[in-house]
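For reference, the structure is listed below as structure tokens.
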Amino acid sequence: MKFGVVVFPGSNCDADCYHVIKEVLGQEVDYIWHKEIAVQGYDALILPGGFSYGDYLRTGAIARFSPIMPAVIEFANQGGLIIGICNGFQILLEAGLLPGAMLRNRSLKFICDKVHLQVKRDDTPFTRLLKQDETISIPVAHGEGNYFCDAETLAELQREKRILFTYCSPSGEEDMVFNPNGSIANIAGITNKQGNVLGMMPHPERCSEHILGGTDGYRIFASMLQSWQEVSC
Amino acid sequence: MKELTYREMGLTEEEYGKIKIIMGREPNYLEIGIFSVMWSEHCGYKNSRPLLKTFPTEGPQVIQGPGENAGVVDIGDGQAVVFKIESHNHPSAIEPYQGAATGVGGIVRDIFTMGARPIANLNSLRFGDPGDARVRELLSGVVAGIGDYGNCLGIPTVGGEVYFNQAYQGNPLVNAMCVGLVQTDEIALAVASEVGSTIMIVGAKTGRDGIHGATFASEELSEKSKEKRPSVQVGDPFMEKLLIEACLELIKEDLVAGMQDLGAAGLTSSIAETVSKRGRGVDVDVLKVPRRETNMSAYEVMLSESQERMLIVPRPGTEGRIKEIFDKWGLDAVTIGTVTEGGAFRVMEGNEVMGEVPVMELTEGCPVYVRVAEEPDYYQRCKSYDLAAILDANPQEALEKLLASPNIASKKWIFSQYDYQVMTNTALIPGDGDAAVLRIKGTRKGIALVTDCNSRFVYLDPYRGGMLAVCEAALNLACVGAKPLALTNCLNFGNPEKPNIYWQMKNSIAGMSEAARYLETPVVSGNVSLYNETAQGAIYPTPVVGMVGLLKDIDRRCDMAFKDAGDLIILLGRFRDELGGSEYLSVCHGLETGEVPEVNLEEEKRLIELLQILIQEQLLQSCHDISEGGMMVAAVESAIKGNIGCGVRINTDDGRVDGVLFSEAPGRVVASLKRSNMDRLVQVVIENGVEMRVIGAVGGDSLLCDNNGKEIIRIPVLEASRIWGGAIDCFMK
Amino acid sequence: MYKANIYVTLKEGVLDPQGGAVKKSLHVLNYTGVTEVRIGKFIEVWLEAKDPETAKVELKEMSDKLLANPVIENYRVEMLEVE
Amino acid sequence: MYKANIYVTLKEGVLDPQGGAVKKSLHVLNYTGVTEVRIGKFIEVWLEAKDPETAKVELKEMSDKLLANPVIENYRVEMLEVE
Ligand SMILES: Nc1ncnc2c1ncn2[C@@H]1O[C@H](COP(=O)(O)OP(=O)(O)O)[C@@H](O)[C@H]1O
Ligand SMILES: [Mg+2]
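Protein chains in written order, with our numbering: chain A, 1 to 233; chain B, 1001 to 1733; chain C, 2001 to 2083; chain D, 3001 to 3083.
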């Protein structure tokens, strides 16, 4: 399987994602500079974390106009797998591939910590190696992860089961107390209607190796690999 | 901009006289400005140079000692670490967010200037009483500034320290350290040797930011500082990120002969430093410098401290390629001058010569002052303070107070605002061990990083305090399993023209030197920040040590959390009960006095070596050095981290109870191990000549302490964790 | 040459964590009369355009595309002619 | 009840990285006529006070103390009476 990691000038988790795909998952991976205009030959795209353009004005707002973005949108429309992590999620929102917007964390502070997520579905290309209702542990690091959408959109996300991850306690209880940023309905990750585009604030690439204290994140990348293998065989 | 007199620029009458002699005439305004910034303490080290010369700076591991932008230390396999610590105290006192942010920006530039990729940041902070609203504002601003800048760059901030003490009320300290990784054959230096070489400025445009910042950093803070304040420097981390990537690309392609960041005193000092190394001169045309503001004078361009700029001396004929690379990153890269023969620093505006000074006089010619040192009255008084007259506090209450002291309490409120995991190398995150540990991808190695300085000790006894800062740093590295390699330091003191302050400087540097020499951790870089005073007086002398260690096998690292019920808890090192200068005295008795515990370097060294062996042999479950709060607090922190209880036993014939529990005497650690490893451990400990004693066991859900079999402390772990974990949050709400 | 002041505000119903925090701090400082605080952006843009209509059209476009996010924000443009 | 609009802008000469980034981005979007962008804050405060003078004094105080950072920012207050 061949992954492409889209690199914006202020991306800073690009190398981390590249490392996981290449050294841990053992798959092919390239960097794709944001000034490119095509994404041919890739089976999945990663929009990594960082501060795409310093995240001045609004996170992801400027990145959305990068030359590569029309190709990314086209890739999504063709059903290609895309995972947007942290800043990647913010860019997907600004680009309209996912609904809603990001506000500053409720605490108004950047937060770097380990949180727990409840896995809402295990029948998606991103979560097939996880279990529904399972609690996983994963790092977050962001200043603007307070996901917001209007009531109608939220109802739609819920109805269409597009919320894949919510913040919860270590034992799986969902409550604002365990929500690091104040996001609506404790949302940590959502997909588009077709289910091929995932945006999530937590960083699976930061918990894909034992040395970093956990491997729950690895299972997300491995799920993508398995889904692709199934489709392509 | 209003014209300043030479005095307002910080020059003395004698210095001005000396300049006239050098020039053979009255210098013009621009020339006075150039001399004044170059001869400031910040650039010229005129008060500290003789003392700095006494540091040990050599060792087989040292590739580059002091004198370049940062020190370089060999870590094997053709790799090296590059590191340095630097202060941004004065700017942070005025504008905490931008002051701290630009402090990080500056130190990061020092690292990639050497051709290294920055891989970690640390910081060492000192504030006044957190009960004070202005202090909280400073703390919030500084932490947010450090965080936002480093986070945006994608460099993890993996460690540091924060202390609160009245001594820093009006004059906080903000010291930032950066560590980079480089292939030894790609190290870049700041030299321009070829006559005819061009000089390029790259990165941000120049504005009127921070003119005279270097001078300003070399004066006491007063009400006037606010007025005199130059236009505050604002950091642009996104620009810096682009600059890092572009500059490292230049080095990979071997396009540069020399590279130098623009820091204090801007273009003036970076050009002077680059060309003076080989006795060259330079012609620079200020009209070519890209500007952000209109109508800037030559003086303003030369002295501006606008951030995120670098000076590059290209290899012959590579300007075009350099421009291409910068263009890709959307950055300016402009040729502004040429290296000349003869040693004149000539500032041009087009064809007009605006000023001309001899380069060597700016650097080598900077006056050097050996000040008078005089022992302050307080020294003997504190040293001979009779602690025997102080009554033992109730141990349980004392422990609770200590856990709630912001100097001991969890620093999570701070480090959770820093992205400490980006780059996915952080194998020991803040709070988990005595030092941060990073893996070096592609190898089995790890590096350990720490900053340390107990300034109360340094104040009470600069010589011992200086030794202790080095020893504690080295011991912290050993506690995670690393071999200490070398150190960087940031010397924060008051006004050196005052004999008592100079005495503090002189003695603490002597103490640091002796310890560094004995422990074979030479000084490879550093920075000096003097005049940290307000009307209320000087800060505590604060020579912060940043140290780097190496782990051969990162899988064998050690954290501080107790692990399993039944594990034994041991004290490695001597049982000691000296309370001088302890947090206990301060928190429970309102005293900052007493004799600073004696330091035995031989003991320290043996313990440091022993720990590396024990951890290498995987004999320990946890390890934590004894520092603020003493033995009992060390045990409690390990228990809280492990979320498991413990029982500690002491006997009164060991000394006074509060002393045994809360002494901060050095050279000691609290460790835990599996019972089954005891025999082997004892053997190794004896072989290495270290004293050891079993002091308790891990287990249960409370923290217990018995004295002669009688319970003197019982606190549920959850309760202790709540007190320790919430203390700083409580202030900051 | 034209100068525009663009006011970007959070839509009603969108939580404003920063405004909330500022309100709290103002109460702590004893400005208890403060009932509500909302924090938005004040963007100043200077631009050349062949005539005011073109300038207005461009300003509206840039606000729609970049300066404000319609999911959470409203904006208002005020334009002046300057020399 | 009073409502105030407070405009907080960076002082002249102070670098505005945000404004710079937005300007660049507008150029990329082909709004090449844009010569300068500065980004500040637009703060709306609603407050009760016994009379307009008191309200004005309070607003000035809060701006000095909290809403603007006097080291790098200027501000301007505009007050309206509302019911
Ligand atoms: N300013 C800071 N920046 C980053 N990390 C910090 C800072 N202050 C403290 N920490 C981290 O918090 C933890 C505890 O700090 P401290 O109590 O000072 O350590 P120690 O017990 O080793 O003296 C350490 O991991 C330290 O690196
Ligand atoms: Mg400590």
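We put the CB at the ideal spot given by N, CA and C, even for glycine.
- Per DSSP, the unbroken alpha helix (DSSP H) holding residue 1589(B) starts and ends at 1583-1589.
- Burial check for residue 90(A): the Cβ neighbour count within 10 Å reaches 16 or more, so the residue is buried.
- Boundaries of the beta strand (DSSP E) around residue 1543(B): 1542-1551.
- The criterion of a C-beta distance shorter than 7 Å is satisfied by residue 1311(B) and residue 1270(B).
- Take residue 2076(C), set aside five residues on each side of it, and the residues of its chain with a beta-carbon closer than 6 Å to its own are 2007, in chain order.
- Note that the C-beta distance between residue 1254(B) and residue 1338(B) is not below 7 Å.
- For the segment 3002-3029 of chain D, the residues whose beta carbon sits under 9 Å from a beta carbon of chain A are, in order, 3017, 3018, 3019, 3020, 3021, 3022, 3024, 3025, 3028, 3029.
- Straight through space, the alpha carbons of residue 3(A) and residue 1092(B) are spaced by roughly 44 Å.
- If you draw a 10 Å sphere on the C-beta of residue 1414(B), you find 16 or more other C-beta atoms in it, and that means buried.
- Apart from sequence neighbours up to five positions away, the residues of its chain that approach residue 1599(B) with a beta-carbon distance below 7 Å are 1464, 1467, 1468, 1471, 1666, ordered along the chain.
- Counting along the chain, residue 1203(B) sits inside the beta strand (DSSP E) bounded by residues 1198-1203.
- Taking a beta-carbon distance threshold of 7 Å, residue 104(A) counts as an interface residue toward chain C.
- Ranking 1003(B), 1036(B), 1077(B), 1008(B) by CA distance to the CA of residue 1444(B) puts 1077(B) first.
- Flagged as an interface residue toward chain B: residue 3072(D), by a C-beta distance shorter than 7 Å.
- When the five nearest sequence neighbours on each side are left out, the beta carbons in the same chain lying within less than 6 Å of the beta carbon of residue 1161(B) are those of 1124, 1451, in order along the chain.
- Using a Cβ-Cβ cut-off of 9 Å, residue 54(A) is close to 1152, 1236, 1237, 1238, 1239, 1241 of chain B, given in chain order.
- Within a 10 Å sphere around the beta-carbon of residue 1428(B) sit 16 or more other beta-carbons, which makes this residue buried.
- The segment 1148-1159 of chain B makes contact with the segment 1110-1120 of chain B, as at least three CB pairs between them are under 8 Å.
- Here residue 148(A) carries a strand assignment [DSSP, helix/strand/coil].
- At a cut-off of 7 Å between C-beta atoms, residue 25(A) does not count as an interface residue with respect to chain D.
- By the C-beta density criterion, residue 133(A) is exposed, having fewer than 16 other C-beta atoms within 10 angstroms.
- It is roughly 34 Å from the alpha-carbon of residue 100(A) to the alpha-carbon of residue 3011(D).
- The beta carbon of residue 108(A) does not come within 7 Å of any beta carbon belonging to chain D, so the residue lies off that interface.
- Relative to residue 1682(B), the option among 1352(B), 1572(B), 1653(B), 1641(B) whose CA is nearest is 1572(B).
- DSSP, reduced to helix, strand and coil, places residue 1309(B) within a strand of the structure shown.
- Of all residues in the segment 128-154 of chain A, the ones placed with a Cβ closer than 8 Å to any Cβ belonging to chain C are 146, 148, 149, 150, in chain order.
- Counted as a single uninterrupted DSSP element, the stretch harbouring residue 167(A) is not any alpha helix (DSSP H) but the beta strand (DSSP E) occupying residues 163-168.
- Under the three-state reduction of DSSP, residue 118(A) is assigned to strand.
- For residue 3017(D), there is no enclosing beta strand (DSSP E); the residue is part of the alpha helix (DSSP H) that begins and ends at 3017-3028.
- With contacts defined as CB atoms closer than 7 Å, residue 220(A) and residue 126(A) qualify as a contacting pair.
- Contiguous alpha helix (DSSP H) elements confined to the segment 1490-1532 of chain B occur at 1499-1518, taking only those with 4 or more residues.
- The alpha-carbon separation between residue 1190(B) and residue 2027(C) amounts to approximately 54 Å.
- The C-alpha of residue 2047(C) is placed about 49 Å away from the C-alpha of residue 1342(B).
- Between residue 2037(C) and residue 3045(D) the beta-carbon gap is near 5 Å, inside 8 Å, which marks them as a contact.
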